[in-house]
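Visitor:
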Amino acid sequence: LFAAVEMAPRDPILGLNEQFNADTNPAKVNLGVGVYYDENGKLPLLKCVAQAEAQMQADPKARGYLPIDGIAAYDKAVQELVFGAGSAVLAAKRVATVQALGGTGGLKIGADFLKRLNPAAKVLISDPSWENHRALFNNAGFTVETYPYYDAAARGINFEGMLAALNAAAAGTVVVLHACCHNPTGYDLTPAQWAQVVDTVKARGLVAFLDMAYQGFGEGIAEDGAVIQQFLASGLDFFVSTSFSKSFSLYGERVGALSVVCATAEETTKVLSQLKIVIRTNYSNPPTHGAQVVATVLSTPALRQLWEDELAGMRLRIRAMREALVKALQAAGVTQDLSFVTRQKGMFSYSGLSAAQMQRLRSEFGVYGVDSGRICVAALNEKNLPAVAQAMAAVLKS
Ligand code: LMR
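Using this note's numbering, the letters of the sequence shown map in sequence onto residues 29 to 426.
Okay, here's the thing in structure tokens:
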């Protein structure tokens, strides 16, 4: 039965974890996967999460099946976070939100639904994009192409190229957009550029699918979610996938959501019924624990405040690590302009290093980043940073 099965390639991001775990170099540093580690190099258990869990344990509940679309209080909390508690679109019941298995799960539910809705549509992702975007939409049956995004020479965004590609796209094309903290480049559009993107999506009849996996890691919760308000103001129907993996440090709980903004309450009910079929035929219904934790934190004012403070702490520490990395690289004799590292937003820095340089970093120094040149700045700390900077400087200078 399996004689003809070929060996699949390692996942470009999670495959690095396997390689890292097998590496016996005691000085190894994992800057591959997008995970936040604290100043001691530890994966944090947020205080707000621990307190919510203590509250839940004090009143333990049996674990029945959840509704197909998840915990109602969780879906409501997601909607209020993403669209704003007093949002007119929520009052008009124009958003269908379902609990999903992380942000990836939200993307997949949306992709499967879109494929049923418009099987001939193409999907456009940014060049470059999160490695899994192409694979995920391909596996949902779509042809995936790219729109220009990263401008290597300018260390920024090729915005003219991006707009031209959106303008040339056929009506119905699904455009995957990173709401904030672009993965992998760290370069985000300005509000004025977003306004032009929204106008183009509207004028060309495109379908926007916003991937929001890093809300709170760029400028702040509201600032990072501001693009959602721009899409709402346009009156367009659109998709948003949400992840709490990073913002709650709940990676292994797979807590995310998909929200679909529709034209009317009646349409929303029908869309929700279709999303439920996608979920039921994939994994039946979602798990309880992580979503209950997030719902408890978001709906309890003191815990919510604690979460916002802890998230701000992570955001500020990443910023400090960006500055420290630039200084350490300069001190190690790198003369090129590195100011781009502090302009980038979120967990990642697109370092500009080639695949060969990234492989050298791994094999010679035990510093693991993605072959695209992406490094996770959120995994740096004062202890591992000097060695990382030395390794990067050695590779950059030779
Ligand atoms: C990443 O880009 O490293 C994260 O989103 C984790 C993942 O699943 O790839």
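For each residue, glycine too, the CB sits at the ideal point set by N, CA and C.
Source: prediction; values computed, not measured.
Using 10 angstroms around the beta-carbon of P212, count the other beta-carbons present and answer buried if the total reaches 16, otherwise exposed.
Guide: Buried is the call here.
Visitor: Taking buried to mean at least 16 other C-beta atoms within 10 Å of its own C-beta, is R122 buried or exposed?
Guide: That one is buried.
Visitor: Could you give the distance in angstroms between the alpha-carbon of Y65 and the alpha-carbon of R345?
Guide: Y65 and R345: Cα-Cα distance of roughly 10 angstroms.
Visitor: Exposed or buried, which one is G401 when buried takes at least 16 other CB atoms within 10 Å?
Guide: It counts as buried.
Visitor: Does the beta-carbon of T316 have 16 or more other beta-carbons within 10 angstroms, so that it is buried, or is it exposed?
Guide: Its Cβ being crowded by 16 or more others within 10 Å, T316 is buried.
Visitor: With hydrogens ignored, establish whether the beta-carbon of W222 is closer than 7 angstroms to any heavy atom of the ligand LMR.
Guide: For the ligand LMR, not one heavy atom lies less than 7 angstroms from the Cβ of W222.
Visitor: Since A207 and L238 should fall inside the 8 angstroms C-beta cutoff, what is the C-beta to C-beta distance between them, to a whole number of angstroms?
Guide: Right, the Cβ-Cβ distance comes to about 5 angstroms (below 8 angstroms), so this counts as a contact.
Visitor: Quick check on T324: buried or exposed, where buried means 16 or more other Cβ atoms within 10 Å of its Cβ?
Guide: It counts as buried.
Visitor: Tell me the DSSP bridge mates of S273?
Guide: According to DSSP, S273 bridges with nothing at all.
Visitor: Taking the DSSP output, what are the residues bridged to G284?
Guide: DSSP output for G284 lists A128 and S271 as bridge partner(s).
Visitor: Can you give me the start and stop residues for the beta strand (DSSP E) that T402 sits inside?
Guide: Here residue 402 turns out to be Arg, not Thr, going by the sequence shown. Counting along the chain, the beta strand (DSSP E) containing R402 begins and ends at R402 to C404.
Visitor: Touching or not, the region 259-279 and the region 239-248, by the rule of three or more beta carbon pairs under 8 angstroms?
Guide: With a cut-off of 8 angstroms, the region 239-248 and the region 259-279 count as touching, because enough Cβ pairs lie within range.
Visitor: Just checking: is the beta-carbon of T316 within a distance shorter than 8 angstroms of some beta-carbon in chain D?
Guide: Absent from the structure: chain D. Only one protein chain is present.
Visitor: Considering Cα atoms alone, identify which of V172, A78, N166 and D216 is closest to N186.
Guide: Taking only the C-alpha atoms, the option nearest N186 is D216.
Visitor: Return the Cβ separation of L331 and Q127 in integer angstroms, given the expectation that the two are a contact with Cβ distance under 8 angstroms.
Guide: Not really, about 19 angstroms apart at Cβ, beyond 8 angstroms.
Visitor: To the nearest whole angstrom, what separates the beta carbons of A192 and L152, a pair I think is in contact under 8 angstroms?
Guide: Wrong, their Cβ atoms sit about 12 angstroms apart, outside the cutoff.
Visitor: Look at the alpha carbon of G114 and the alpha carbon of E108, and state the distance between them as a whole number of angstroms.
Guide: For G114 and E108, the distance between alpha carbons rounds to 8 angstroms.
Visitor: Specify the secondary structure class of M375 as computed by DSSP and reduced to three states.
Guide: DSSP places M375 in coil when its eight states are reduced to three.
Visitor: Give the straight-line distance between the Cα atoms of P414 and R371, rounded to the nearest whole angstrom.
Guide: Distance between the alpha carbons of P414 and R371: 21 angstroms.
Visitor: Alpha carbon to alpha carbon, what distance is there between N409 and K425?
Guide: Approximately 23 angstroms, taken between the alpha carbons.
Visitor: Would A417 and L353 be called neighbours here (beta carbons separated by less than 8 angstroms)?
Guide: Cβ atoms of A417 and L353: closer than 8 angstroms.
Visitor: Measuring CA to CA, which of E294, F266, G169 and V322 is closest to F111?
Guide: Comparing Cα-Cα distances from F111 to each of E294, F266, G169 and V322, the minimum goes to F266.
Visitor: Checking the sheet assignment: what are the DSSP bridge partners for N45?
Guide: In the DSSP output, where bridge partners are listed per residue, N45 has none listed.
Visitor: Any chance the CB of I450 is under 7 angstroms from a heavy atom of the ligand LMR?
Guide: In the structure displayed, the chain extends from 29 to 426; residue 450 sits before or after that span and is not available.
Visitor: Let me make sure I understand the geometry here. Which of T201, C209, F259 and H210 has the alpha-carbon closest to that of V225?
Guide: With distances taken between Cα atoms, V225 lies closest to F259.
Visitor: Given the structure, does G62 come close to the ligand LMR, in the sense that its CB is under 7 angstroms from one of the ligand's heavy atoms?
Guide: Answer for G62: yes, Cβ within range of the ligand LMR.
Visitor: Thinking L194 and Y175 are a contact (beta carbons under 8 angstroms), I'd like their distance in whole angstroms, please.
Guide: Contact flag correct, Cβ pair sits at about 6 angstroms.
Visitor: For L42, count the other beta carbons within 10 Å of its own beta carbon; 16 or more makes it buried, fewer makes it exposed. Which is it?
Guide: Under this definition L42 is an exposed residue.
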